[in-house]
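Residue numbers (the working numbering): 10 to 63. Worksheet for the structure shown next.
Structure representation (structure tokens):
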């Protein structure tokens, strides 16, 4: 488990343990998980990603 290793000091600069989370300035995809169901979140992600795979 990566979090266990980070807490034990085996991994340094681990986001959420000893390094802060830095949100992106201009994210390509934003998923409002507090406002959407899992299904809606997945659909919004796929809607943005699938066209890029063609």
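Cβ coordinates follow ideal geometry from the N, Cα and C atoms, glycine included. Every value quoted in this text rests on a predicted model; they were computed, and no experiment measured them.
DSSP links residue 28 through a beta bridge to 24. Where residue 60 is concerned, the enclosing alpha helix (DSSP H) starts and stops at 47-62. Shown here, residue 15 sits in a helix according to DSSP, grouped into three states.
With distances taken between CA atoms, residue 27 lies nearest to 19 out of 33, 34 and 19.
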